[in-house]
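Read the structure below first, then the notes.
Next up, the structure:
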């Protein structure tokens, strides 16, 4: 597999993971942390950090909105227990 194909596959897998987490609002971040060692906030931070490495300006709030599918405060109000 060449690097272009790998990048495309990894990007597609990332999008599926984000979509899955957006659908599974019943799963709390603390549950993810306890079981997997990362949560939605970690994922959004990793996205922001990778953007930063590439010289792309991405605010924490924008990265979280990308991962949560809505503003973070709205997600917390709707789904955080």
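In the UniProt record's numbering, the protein residues as written are 1 to 81.
Each residue gets a CB set at the ideal place from its N, CA and C atoms; glycine is no exception.
Item                                                                       : Value
Candidates 30, 39, 9 and 12: closest to residue 81 by CA position          : 30
Spatial distance of residue 39 from residue 27 (CA atoms)                  : 10 Å
DSSP three-state assignment for residue 8, whether helix, strand or coil   : helix
Alpha carbon of residue 67 to alpha carbon of residue 73, nearest angstrom : 13 Å
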